[in-house]
Amino acid sequence: MTWPREPAPKPASAPRLRRLRRAELPRDSVALARFLLGAIVVSDVPPGRTALRVVETEAYLPDDAAAHSFRGETARNRSMFLRRGHAYVYFIYGNHFCLNVSSEAAGVGAAVLVRAGEPLIGFEVMRLRRPRAAERDLCRGPGRLAAALGIDRRLDGCDLTAAGPLWLAAPQRPPRAIGTSARIGLTKEAERPLRFYERGSPFASGPAARNG
DNA sequence: TCACTGATCGTCT
DNA sequence: GACGATCAGTGAG
Numbered sequence: 016m017t018w019p020r021e022p023a024p025k026p027a028s029a030p031r032l033r034r035l036r037r038a039e040l041p042r043d044s045v046a047l048a049r050f051l052l053g054a055i056v057v058s059d060v061p062p063g064r065t066a067l068r069v070v071e072t073e074a075y076l077p078d079d080a081a082a083h084s085f086r087g088e089t090a091r092n093r094s095m096f097l098r099r100g101h102a103y104v105y106f107i108y109g110n111h112f113c114l115n116v117s118s119e120a121a122g123v124g125a126a127v128l129v130r131a132g133e134p135l136i137g138f139e140v141m142r143l144r145r146p147r148a149a150e151r152d153l154c155r156g157p158g159r160l161a162a163a164l165g166i167d168r169r170l171d172g173c174d175l176t177a178a179g180p181l182w183l184a185a186p187q188r189p190p191r192a193i194g195t196s197a198r199i200g201l202t203k204e205a206e207r208p209l210r211f212y213e214r215g216s217p218f219a220s221g222p223a224a225r226n227g
């Protein structure tokens with residue numbers, strides 16, 4: 016299977032979306048990181064709905080020195096300790112927000128970082144938010160993805176399995192094949208193979224050669 | 001297509 | 001006061 020050079024044509028009508036139930040989410044962080052590939056993140060933040068199909072995730076585990084939760088609960092990372100299926104949104108590098116899905120039982124600090132996605136719904140709204148980005152780059156990278164969906168600190172702690180401004184929908188197309196690699200941008204525990212991506216996807220972040 | 005660099009500021013030590 | 005789960009812009013190959 017080869018990928019088209021350009022993104023697939025936009026669907027003529029918006030796809031039907033079914034909200035994921037918490038019971039459907041795997042109880043293990045690594046399993047959830049793989050499960051989320053192909054799943055859909057839906058944002059109903061004004062001015063209109065945007066949604067993307069997840070193509071890249073990273074797992075941050077309990078007792079993981081690279082995880083924000085490693086040193087215990089703080090005001091910033093509190094949402095990592097919510098039971099699985101809640102949004103953990105944090106601000107990074109003075110410029111960007113990143114979206115995570117909490118991934119363990121209540122009181123256990125762990126999350127799955129949603130690193131990249133394939134735009135599905137709301138191209139016009141995404142382009143309003145990221146006017147200079149090429150279509151392929153609209154959601155390629157965690158900061159870009161959050162910007163395209165209008166995600167900021169206000170959505171921190173949001174239940175992604177309940178009705179609200181940000182939620183998860185069931186996959187409509189499973190990932191073709193899942194690749195595994197080291198996580199990106201870390202100085203601690205950098206070698207652990209906890210990054211997962213749809214093989215060959217042009218919407219995954221980083222150099223294309225790494226995503227084959 | 002990739003590597004490099006500066007910008008930017010909240011959070012924690 | 002240092003650092004960071006990043007990005008956009010630039011230039012080289």
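Sequential numbering from 16 applies to the first sequence in the working numbering. C-beta: ideal position from N, C-alpha, C; glycine also. Predicted model, so just to flag it, every value in this text is computed and none were measured.
**Exposed unless 16 or more other CB atoms sit within 10 angstroms - verdict on Pro190** = buried
**Prompt:** Excluding five sequence neighbours on each side, which residues of the same chain lie with their C-beta closer than 6 Å to the C-beta of Arg155?
**Reply:** Ala131, Phe218, Ser220
**Request:** Measure the beta-carbon distance from His101 to Gly172 and round it to whole angstroms, keeping in mind my assumption that it falls under 8 Å.
**Result:** 6 Å
**Asked** Under a three-way DSSP split, which group does Glu39 fall into?
**Response** helix
**Prompt:** What's the gap between the Cα of Arg91 and the Cα of Ser118?
**Reply:** 17 Å
**Same chain, Cβ closer than 8 Å to Asn110, neighbours up to 5 away in sequence not counted** = Gly158
**Prompt:** Going along the chain, which residues of its own chain have a beta-carbon closer than 6 Å to the beta-carbon of Gly53, five neighbours each way excluded?
**Reply:** Pro186, Pro189, Pro190
**Asked** Where Tyr162 and Arg145 are concerned, what is the direct C-alpha to C-alpha distance, given to the nearest angstrom?
**Response** It is worth fixing the name first, because residue 162 is Ala in this sequence and not Tyr. Approximately 7 Å, taken between the alpha carbons.
**Prompt:** Which first and last residues belong to the beta strand (DSSP E) in which Val14 is found?
**Reply:** The requested residue 14 is not part of the displayed model; the chain covers only 16 to 227.
**Message:** Since Ala252 and Gly137 should fall inside the 8 Å C-beta cutoff, what is the C-beta to C-beta distance between them, to a whole number of angstroms?
**Reply:** Only positions 16 to 227 of the chain appear in this structure, which leaves residue 252 out of reach.
**Request:** With DSSP collapsed to three states, give me the class of Phe218.
**Result:** coil
**Prompt:** Per DSSP, which one or two residues make a beta bridge with Gly122?
**Reply:** In DSSP, Gly122 forms no bridge with anything.
**Message:** So for Leu164, helix, strand or coil by DSSP?
**Reply:** helix
**Request:** Determine the closest residue to Gly13 out of Met95, Tyr103, Leu114, with distance taken between C-alpha atoms.
**Result:** Any question about residue 13 goes unanswered here, given that the chain covers just 16 to 227.
**Message:** Could you give the first and the last residue of the continuous alpha helix (DSSP H) run that contains Ala48?
**Reply:** 44-50
**Request:** List the endpoints of the continuous beta strand (DSSP E) containing Thr195.
**Result:** 193-196
**Request:** Using the Cα positions of Gly227 and Ala197, report the straight-line distance between them to the nearest angstrom.
**Result:** 14 Å
**Message:** Between which residues of its own chain and Thr202 is the CB-CB distance below 6 Å, once the five residues before and five after are set aside?
**Reply:** none
**Message:** Less than 7 Å between C-beta atoms, sequence neighbours within five positions excluded: which residues of the same chain meet that for Ala120?
**Reply:** Arg98
**Request:** With a threshold of 16 other CB atoms inside 10 Å of the CB of Ala126, please say whether the residue is buried or exposed.
**Result:** buried
**Prompt:** Relative to the alpha-carbon of Arg64, which residue among Met141, Leu128, Arg168 has its alpha-carbon at the smallest distance?
**Reply:** Met141
**Message:** For Cys154, list the residues DSSP reports as bridge partners.
**Reply:** For Cys154, which the question treats as bridged, DSSP gives no partner whatsoever.
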